[in-house]
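Line by line, the protein sequences give chains E and Z. 7 is the number that this note's numbering gives to position 7 of the first sequence; each next residue is one higher, with no gaps. 189 is the number that this note's numbering gives to position 189 of the second sequence; each next residue is one higher, with no gaps. The C-beta atom is built at its ideal place from N, Cα and C for all residues, glycine as well. For clarity, every value in this text was computed on a predicted model and none was experimentally measured. Before any comments, here is the structure.
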Amino acid sequence: MSAEDEARRALARALGLERFAELFPEAFDRARAQAVSMRGKVPGPEGIAEEPAHVYRARPEAEW
Amino acid sequence: MVSEPAWLGLGEAAALIAERMLSPVELTEALLARIAALEPQLNAFVRIEAESALAEARRAEAEAARGELRGPLHGVPFGLKDIIDAAGLPTTAHSKLLMQSPPAETDAFVAARLKAAGGILIGKMATHEFAIGGPSFDLPWPPARNPWNPGTMPGGSSSGSGAAVAAGLMAGALGSDTGGSVRNPASSCAIVGLKPTYGRVSRRGVLPLSFSLDHVGPLTRGVADNALMLGVIAGHDPADPGSARVPVPDFAVGLDHGVRGCRIGVIRHFYERDIEAAPEMAAALEAALQVLAGLGAEIVEIETRPLQEYAACNRVILLSEAFAIHRKWLSERPEDYAVSTRERLLPGAFFSAGDYVDALRARRRIAAEFEALIQPYDAVITASAMDTPPAIDDAEAIARAYSRQARAPFNLTGSPALAMPAGFSSDGLPLSLQIVGKQFDEAGVYRVAAAYEAATPWKDMHPPMAAF
Numbered sequence: 001m002s003a004e005d006e007a008r009r010a011l012a013r014a015l016g017l018e019r020f021a022e023l024f025p026e027a028f029d030r031a032r033a034q035a036v037s038m039r040g041k042v043p044g045p046e047g048i049a050e051e052p053a054h055v056y057r058a059r060p061e062a063e064w
Numbered sequence: 001m002v003s004e005p006a007w008l009g010l011g012e013a014a015a016l017i018a019e020r021m022l023s024p025v026e027l028t029e030a031l032l033a034r035i036a037a038l039e040p041q042l043n044a045f046v047r048i049e050a051e052s053a054l055a056e057a058r059r060a061e062a063e064a065a066r067g068e069l070r071g072p073l074h075g076v077p078f079g080l081k082d083i084i085d086a087a088g089l090p091t092t093a094h095s096k097l098l099m100q101s102p103p104a105e106t107d108a109f110v111a112a113r114l115k116a117a118g119g120i121l122i123g124k125m126a127t128h129e130f131a132i133g134g135p136s137f138d139l140p141w142p143p144a145r146n147p148w149n150p151g152t153m154p155g156g157s158s159s160g161s162g163a164a165v166a167a168g169l170m171a172g173a174l175g176s177d178t179g180g181s182v183r184n185p186a187s188s189c190a191i192v193g194l195k196p197t198y199g200r201v202s203r204r205g206v207l208p209l210s211f212s213l214d215h216v217g218p219l220t221r222g223v224a225d226n227a228l229m230l231g232v233i234a235g236h237d238p239a240d241p242g243s244a245r246v247p248v249p250d251f252a253v254g255l256d257h258g259v260r261g262c263r264i265g266v267i268r269h270f271y272e273r274d275i276e277a278a279p280e281m282a283a284a285l286e287a288a289l290q291v292l293a294g295l296g297a298e299i300v301e302i303e304t305r306p307l308q309e310y311a312a313c314n315r316v317i318l319l320s321e322a323f324a325i326h327r328k329w330l331s332e333r334p335e336d337y338a339v340s341t342r343e344r345l346l347p348g349a350f351f352s353a354g355d356y357v358d359a360l361r362a363r364r365r366i367a368a369e370f371e372a373l374i375q376p377y378d379a380v381i382t383a384s385a386m387d388t389p390p391a392i393d394d395a396e397a398i399a400r401a402y403s404r405q406a407r408a409p410f411n412l413t414g415s416p417a418l419a420m421p422a423g424f425s426s427d428g429l430p431l432s433l434q435i436v437g438k439q440f441d442e443a444g445v446y447r448v449a450a451a452y453e454a455a456t457p458w459k460d461m462h463p464p465m466a467a468f
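Next comes the structure, spelled out in structure tokens:
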């Protein structure tokens, strides 16, 4: 088994996706690369205390 | 009996039924005859409810004869995307994983509202699997096809809803929209699709894809029908944690007000700089702006963040939440998904909790910025699709089309957004535009859409294969 296969298997085990990675190793690798790309395009926070949208509400001042 | 009931709008049919000039039974029979003729080519349905629809139509006819009208859709058939529960029927999500699921015990909030208004459920509509896959040939049901050219995809994920409405198999259907899935089929099939404001319509009884981005919205052939259908399904539902306790206005109030004196923003950089739309699409958008200017609107170019920032933020949130929903099946039964579905879902496994929280932080900031930006305007116009619908069996072209769109920003901001026809390409495929409004101002969106619709011929054009 190559080092690449070993790394994939370890990652899949950590994610609970051993079966997926075993059946579809190329799809598993592609998904990982896509996630890295998407993550890199999200604008970072403006400050350490910036709040997220929790349960997102379009008009927070309204009664819910 | 009117001559061609199948092409009547929701409101027109309901009015004729109320005046006893149209029989709900004859209307339902006419639609079922069209379904029998066209469904073999369109695959718009997961399930056709012919028998129960006719039984409901007979009941509606008897009630109408007694002057007892249930509501504004009395005796008029509609369809539900098959991720929306209807009591007594299974909800399959077009998936092998749910094809043996037991019947739903109760109606989804929106299904109950449509039935209470007198609507008749005529079928459960095809969808891209779990509202995220592409058109797939490895599922228990074939993918829906586009009536304007059955070799092309009808958009998705509310694919069957779009195809059926465009082909005159029903006048209205519901879809869901997490990254554009109501507006994509509307754009692809030359009909009207609205994603309402987040919180406007309850998602109770709708299979989730992404809790914080899912919306339910109507697909119809005209703007007035869309406003009518939204009026029926809108309203607070304490059982949906995202449901807003806000008044439900008459969404049709401004339909005949025109746009003279309106200020309309246009986000050109989405389709000129961030992504370059196909020339015919860009030309259709400019022509639409000219129409609105000719009607007396002031068109003002506005600028927001790059489309790619909205898209990335939407994808990280959507896929993180979707992975939480699908984790067990992706772990234990990945081979039971369509190839395209499992490949679209899996990136969600690789985001950390920190990635998700950072995307939610960005979302809050971006949504506030956008809402402030558009306050001076009555509505904003931009592209929906950048291209005409791709071939249904060209996976590469389909993946490209999904990445070339400007719908996802408004799932992120929660703004109401409507897609509608803006003409046809040289090869006869639909071109489209998108109209976006301030939060909870669907009426403002409809006002602009109605003015454009009235000034253009697109609403009355039918797909050649369905023009009978």
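Original post:
When the cut-off is 8 Å and only beta carbons count, does Z:A419 lie next to chain E?
Top reply: Residue-level contact by beta carbon fails for Z:A419 and chain E, as no gap is shorter than 8 Å.
Original post:
Which ranges does the alpha helix (DSSP H) cover as unbroken runs of at least 4 residues, wholly within the stretch 20-66 of chain Z, from first to last along the chain?
Top reply: You should have 24-42, 50-65.
Original post:
Which stretch, first to last residue, makes up the alpha helix (DSSP H) that contains Z:S176?
Top reply: Run containing Z:S176: none in the alpha helix (DSSP H); it sits in the beta strand (DSSP E), 172-177.
**OP:** Look at Z:P430 and Z:S188 and say whether their C-beta atoms are less than 8 Å apart.
**Re:** Taking C-beta atoms as the reference points, Z:P430 and Z:S188 count as a pair closer than 8 Å.
Original post:
Which residues mark the beginning and the end of the alpha helix (DSSP H) in which Z:I317 is found?
Top reply: Its alpha helix (DSSP H) spans residues 307-332.
Original post:
How would you label E:L23, buried or exposed, when you count the other beta carbons within 10 angstroms and need 16 or more for buried?
Top reply: That one is exposed.
Subject >> Run of the beta strand (DSSP E) containing Z:A419, from where it starts to where it stops >> reply: First-last of the beta strand (DSSP E) with Z:A419: 417-424.
Subject >> Top-ranked residue by Cα proximity to Z:E56, from Z:A33, Z:G79, Z:V25 >> reply: Distance from the Cα of Z:E56 is smallest, within the candidate group Z:A33, Z:G79, Z:V25, for Z:V25.
Original post:
Does the distance from the CB of Z:I302 to the CB of Z:L412 come in under 8 Å?
Top reply: No, they are not a contact pair.
Subject >> Minimum Cβ-Cβ distance from E:E51 to chain Z less than 8 Å >> reply: Taking 8 Å as the CB threshold, E:E51 lines the interface with chain Z.
**OP:** Helix, strand or coil for Z:P241, going by three-state DSSP, please let me know.
**Re:** Looking at Z:P241 - three-state DSSP - the assignment turns out to be coil, as it is neither helix nor strand.
**OP:** For E:E4, decide whether its Cβ has a neighbour in chain Z, counting only Cβ atoms nearer than 8 Å.
**Re:** No - not a single Cβ of chain Z is within 8 Å of the one on E:E4.
Original post:
Quick one: what's Z:R263 bridged to in DSSP?
Top reply: Checking the DSSP bridge columns, you'll see Z:R263 partnered with Z:E298.
Subject >> Z:M1 versus Z:E29: straight-line alpha-carbon distance, rounded >> reply: With a pLDDT of only 47 at Z:M1, under 50, the local geometry of the prediction cannot be trusted, and the value read off the model is given with reservation. Z:M1 and Z:E29 have their C-alpha atoms some 12 Å from each other.
Subject >> Span separating the alpha-carbon of Z:K195 from that of Z:V232 >> reply: One Cα belongs to Z:K195, the other to Z:V232, and the distance between them is close to 15 Å.
Original post:
Helix or strand or just coil, what does DSSP make of Z:Q434?
Top reply: DSSP places Z:Q434 within a strand segment (E or B) once states are collapsed to three.
Subject >> Closer than 7 Å at the beta carbon, the chain E residues around Z:A364 >> reply: Strictly speaking, residue 364 of chain Z in this sequence is Arg, with Ala absent from that position. In chain order: E51, P52, A53.
Original post:
In chain order, which beta strand (DSSP E) runs of at least 3 residues are fully inside the stretch 344-389 of chain Z?
Top reply: Note on the stretch 344-389 of chain Z: whole beta strand (DSSP E) runs with a minimum of 3 residues are 379-382, in chain order.
Original post:
For Z:I132, which three-state DSSP category applies?
Top reply: Z:I132: coil per DSSP, three-state reduction.
Original post:
chain E partners of Z:A359, CB-CB under 7 Å?
Top reply: Residues of chain E with a Cβ closer than 7 Å to the Cβ of Z:A359 are, in chain order, V42.
Original post:
In the structure shown, what three-state DSSP assignment does Z:T341 receive?
Top reply: Assigned with DSSP and collapsed to three states, Z:T341 falls in helix.
Original post:
So, helix, strand or coil for Z:Q405, using DSSP?
Top reply: In the structure shown, Z:Q405 falls within a strand segment according to DSSP collapsed to helix, strand and coil.
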